[in-house]
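Q: FYI, in full-length UniProt numbering the residues of the sequence shown are 1 to 363.
All C-beta atoms, glycine included, are put in the ideal place defined by N, C-alpha and C.
Since the structure is predicted, the reported quantities are computational estimates derived from the model, not experimental observations.
Below is one structure. I have some questions about it.
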Amino acid sequence: MEIWILVLGLLIGLVLGAVLGVLWVRARSVGTVAAGMVDQAEVMQGLDRLSDQMQHLDRERARWQGQFETEVGRLQTETRSLSTALRKPQVRGRWGEMHLRRAVELAGLVDKCDFSEQVHLEDGRLRPDLVVHLSGNKELVVDSKVPLDAYLEAASADNEDDYRAHLRRHTAQLRTHVDQLASKAYWRFLDESPEFVVLFVPAESFLSAALETEPSLIEYAAERRVVLASPTTLIALLRTVAHGWSHEALAEQAREIHRLGRDLHQRLSTMSTHLDGIGRSLNTAVTRYNQAIGSFDNRVLVAARRFNELSVTDEDLETPRPVEIRAVERLSSAREDDRRAAENEGVPGPTVGSDTQAAYERS
Numbered sequence: 001m002e003i004w005i006l007v008l009g010l011l012i013g014l015v016l017g018a019v020l021g022v023l024w025v026r027a028r029s030v031g032t033v034a035a036g037m038v039d040q041a042e043v044m045q046g047l048d049r050l051s052d053q054m055q056h057l058d059r060e061r062a063r064w065q066g067q068f069e070t071e072v073g074r075l076q077t078e079t080r081s082l083s084t085a086l087r088k089p090q091v092r093g094r095w096g097e098m099h100l101r102r103a104v105e106l107a108g109l110v111d112k113c114d115f116s117e118q119v120h121l122e123d124g125r126l127r128p129d130l131v132v133h134l135s136g137n138k139e140l141v142v143d144s145k146v147p148l149d150a151y152l153e154a155a156s157a158d159n160e161d162d163y164r165a166h167l168r169r170h171t172a173q174l175r176t177h178v179d180q181l182a183s184k185a186y187w188r189f190l191d192e193s194p195e196f197v198v199l200f201v202p203a204e205s206f207l208s209a210a211l212e213t214e215p216s217l218i219e220y221a222a223e224r225r226v227v228l229a230s231p232t233t234l235i236a237l238l239r240t241v242a243h244g245w246s247h248e249a250l251a252e253q254a255r256e257i258h259r260l261g262r263d264l265h266q267r268l269s270t271m272s273t274h275l276d277g278i279g280r281s282l283n284t285a286v287t288r289y290n291q292a293i294g295s296f297d298n299r300v301l302v303a304a305r306r307f308n309e310l311s312v313t314d315e316d317l318e319t320p321r322p323v324e325i326r327a328v329e330r331l332s333s334a335r336e337d338d339r340r341a342a343e344n345e346g347v348p349g350p351t352v353g354s355d356t357q358a359a360y361e362r363s
């Protein structure tokens, strides 16, 4: 009976333990599911925010793409307009002259002083775009009339073959223009001009495209006394010219200072001669005056004082005083050295007024 009770108690304990275990497991599972539901809700909220941001970015992308396409279309229109305008020789010439003037201004040259535009040569038959005034009264001719038709065709080519063909034609046009400039020989009609002319190419790409097709184009032009210059090389060339002008201005100032110094020295020499003459004249006048005083005292006043002895008058006659001051004579460097040597040896030199006293005593 006791054993049965013990077994029954064990069974009841096992059942209670099993029930408690099941309840504990169920409670833990419910907590895990609840936590998972909370995490899933946060993830869904993050995905919703990400979706909103993606939609906003997509709308912004569409808006920017529309603006970009509009700007590209406008740029294409302006490019076509510029390409069409540059096909006209007059417009192309003005455009090249505008870039040429800009390069000249960037180089620091001054209009009507360092360069001149549209100069007429040979009775108006020749008219270079620009004449740069170099130091030493020399002049340099610059031309900016570059053919661009073939290059513009190459820029709008649809395939590589057409592009290469137009570039070859562009190079040929540039060679022809080099030959035309060489035949004009502008330097023959200018007194002080280097024997070459500068061909200004308004854009680096125009020249590089031609050199890509014919690398020897620069040598070809140089042999014909034509220098090909892009904006970069022209600015460097003109800055060298401006630097030469600054040195020329300094040299001119130095020459002017030399001339003024020489004139001043000559005038000082003349003035010194005049002052020396005035000094000698003053000394002569003082000597003559003192001689007259001595003669007056020895010959006239002696007789006049006898009236006092004869009681004709009681008034004494005063003797005029001689002048003891003389103008200092201008000494040459040799006489000055002699005087200083005599003073160093202890020999007394002549004093001012000694000649005056001697002249008074001689009279």
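Give me the residue from MET54, LEU228, GLN53 with the minimum Cα distance to VAL142.
A: Walking along the sequence shown from the start, residue 142 turns up at place 142. Minimum Cα distance to VAL142 is reached at LEU228.
Q: Among the residues of its own chain, which have a CB less than 8 Å from the CB of GLU204, if the five just before and after it don't count?
A: As a working note, residue 204 is residue 204 in the sequence shown. So the qualifying residues of the chain are SER230, PRO231, THR232.
Q: Classify LYS145 as helix, strand or coil using the three-state DSSP reduction.
A: Taking the sequence shown and counting its residues from 1, one reaches residue 145 at position 145. In the three-state DSSP reduction, LYS145 falls in the coil class, being neither helix nor strand.
Q: Using DSSP bridges, identify the partner residues of SER229.
A: Taking the first residue of the sequence shown as 1, we reach residue 229 at position 229. One detail in the question is off: residue 229 reads as Ala in this sequence, not Ser. Per DSSP, PHE200.
Q: In the DSSP assignment, the alpha helix (DSSP H) including VAL119 goes from what residue to what residue?
A: For this step, residue 119 is matched to residue 119 along the sequence shown. It is not in any alpha helix (DSSP H) - VAL119 carries neither H nor E in the DSSP assignment.
Q: Contact check, LEU148 vs LEU140 under 8 Å by CB: the rounded distance?
A: Residue 148 sits at position 148 when you count from the first residue of the sequence shown. Residue 140 sits at position 140 when you count from the first residue of the sequence shown. Not confirmed; about 24 Å, so no contact.
Q: Could you check which residue in GLY108, HIS56, GLN45 has the C-alpha nearest to that of THR240?
A: Counted from its first residue, the sequence shown places residue 240 at position 240. Cα-wise, what sits closest to THR240 is GLY108.
Q: Going by beta-carbon coordinates alone, are GLU117 and LEU130 separated by less than 7 Å?
A: Mapped onto the sequence shown, residue 117 falls at position 117. Mapped onto the sequence shown, residue 130 falls at position 130. Yes, the Cβ-Cβ distance between GLU117 and LEU130 is below 7 Å.
Q: In whole angstroms, give me the CA-to-CA distance for LEU238 and PRO128.
A: What you label residue 238 is simply residue 238 of the sequence shown in a count that begins at 1. What you label residue 128 is simply residue 128 of the sequence shown in a count that begins at 1. Distance between the alpha carbons of LEU238 and PRO128 is about 17 Å.
Q: Indicate whether residue 401 and ALA155 have their beta-carbon atoms separated by less than 7 Å.
A: The question about residue 401 has no answer, for the chain in this structure spans 1 to 363.
Q: CB-CB under 6 Å to VAL201, same chain, minus the five flanking residues each way: which ones, in chain order?
A: The residue given as residue 201 occupies position 201 in the sequence shown. So the list reads VAL146, LEU207, SER230, once near-sequence residues are dropped.
Q: If you draw a straight line from the alpha carbon of GLU60 to that of ASP158, how long is it in whole angstroms?
A: Translated into the one-based positions of the sequence shown, residue 60 becomes position 60. Translated into the one-based positions of the sequence shown, residue 158 becomes position 158. Using only the alpha carbons, I get a separation of about 33 Å.
Q: Going by DSSP in three states, LEU190 sits in which element: helix, strand or coil?
A: Residue mapping note: residue 190 aligns to position 190 of the sequence shown, counting from 1. Secondary structure of LEU190 (DSSP, three-state): coil.
Q: So, helix, strand or coil for VAL323, using DSSP?
A: Counting from 1 along the sequence shown, the entry for residue 323 is found at position 323. Looking at VAL323 - three-state DSSP - the assignment turns out to be coil, as it is neither helix nor strand.
Q: Between which two residues does the beta strand (DSSP E) harbouring LEU310 extend?
A: What you label residue 310 is simply residue 310 of the sequence shown in a count that begins at 1. Taken as a continuous stretch (DSSP letters only), LEU310 belongs to no beta strand (DSSP E), as it is neither H nor E.
Q: When burial is assigned at 16 or more other CB atoms within 10 Å of the CB, is PHE196 buried or exposed?
A: What you label residue 196 is simply residue 196 of the sequence shown in a count that begins at 1. PHE196 is buried by the Cβ-count criterion.
Q: Under the rule that 16 or more other beta-carbon atoms within 10 Å means buried, what is HIS258, buried or exposed?
A: As a position in the sequence shown, residue 258 is number 258, starting the count at 1. Exposed, by the Cβ-count rule.
Q: Does GLU139 come out as helix, strand or coil in the three-state DSSP assignment?
A: Taking the sequence shown and counting its residues from 1, the one referred to as residue 139 is at position 139. GLU139: strand per DSSP, three-state reduction.
Q: Which residue or residues does DSSP assign as beta-bridge partners of VAL131?
A: Your numbering for residue 131 matches position 131 in the sequence shown. BP columns for VAL131 point to SER116, VAL141.
Q: Can you name the start and end residues of the alpha helix (DSSP H) that LEU167 belongs to?
A: If you number the sequence shown from 1, residue 167 lands on position 167. From DSSP, the alpha helix (DSSP H) with LEU167 extends over 160–184.
Q: Spatial neighbours of TYR186 within its chain, please: C-beta separation below 6 Å, excluding the five flanking residues on both sides.
A: Along the sequence shown, read from residue 1 onward, the residue named residue 186 stands at position 186. Here the set comprises PRO128, VAL141, VAL197.
Q: When we look at the beta-carbon of HIS166 and count the other beta-carbons within 10 Å, is it buried (16 or more) or exposed?
A: As a position in the sequence shown, residue 166 is number 166, starting the count at 1. So HIS166 ends up on the buried side.
Q: How big is the Cα-Cα spacing for ALA209 and THR171?
A: By one-based count along the sequence shown, residue 209 stands at place 209. By one-based count along the sequence shown, residue 171 stands at place 171. Straight-line Cα distance between these residues: approximately 8 Å.
Q: Under 7 Å between the Cβ atoms of ILE278 and PRO322?
A: On the sequence shown, position 278 is the one that residue 278 refers to. On the sequence shown, position 322 is the one that residue 322 refers to. No, these two residues do not count as a Cβ contact at 7 Å.
Q: Using 7 Å as the threshold, is the C-beta distance between residue 387 and LEU211 below it?
A: Outside the modelled stretch of the chain, which goes from 1 to 363, sits residue 387, for which no answer is possible.
Q: Considering only the alpha carbon of each residue, which of GLU324, SER269, ALA182, GLU192 lies closest to GLU223?
A: As a first step, residue 223 is located in the sequence shown; it is residue number 223 there, counting from the start. Looking at the Cα atoms, ALA182 is the closest of the given residues.
Q: Tell me, which residues are paired with LEU126 by DSSP?
A: As a working note, residue 126 is residue 126 in the sequence shown. Paired residue(s): LEU121.
Q: So what does DSSP say about LEU268, is it helix, strand or coil?
A: Translated into the one-based positions of the sequence shown, residue 268 becomes position 268. Reduced to three states, the DSSP call for LEU268 is helix.
Q: Identify whether GLU195 lies in helix, strand or coil by the three-state DSSP scheme.
A: Within the sequence shown, numbered from 1, the residue matching residue 195 stands at position 195. Note: GLU195 maps to coil in three-state DSSP.
Q: Can you tell me whether DSSP reads GLU214 as helix, strand or coil?
A: As a working mapping, residue 214 is identified with position 214 in the sequence shown. Correct three-state label for GLU214: coil.
Q: Three-state secondary structure (DSSP) at ALA304?
A: If you number the sequence shown from 1, residue 304 lands on position 304. Correct three-state label for ALA304: helix.
Q: Determine the direct distance from the alpha carbon of SER193 to that of VAL132, and round the result to whole angstroms.
A: Your numbering for residue 132 matches position 132 in the sequence shown. Your numbering for residue 193 matches position 193 in the sequence shown. Their Cα atoms are separated by approximately 10 Å.
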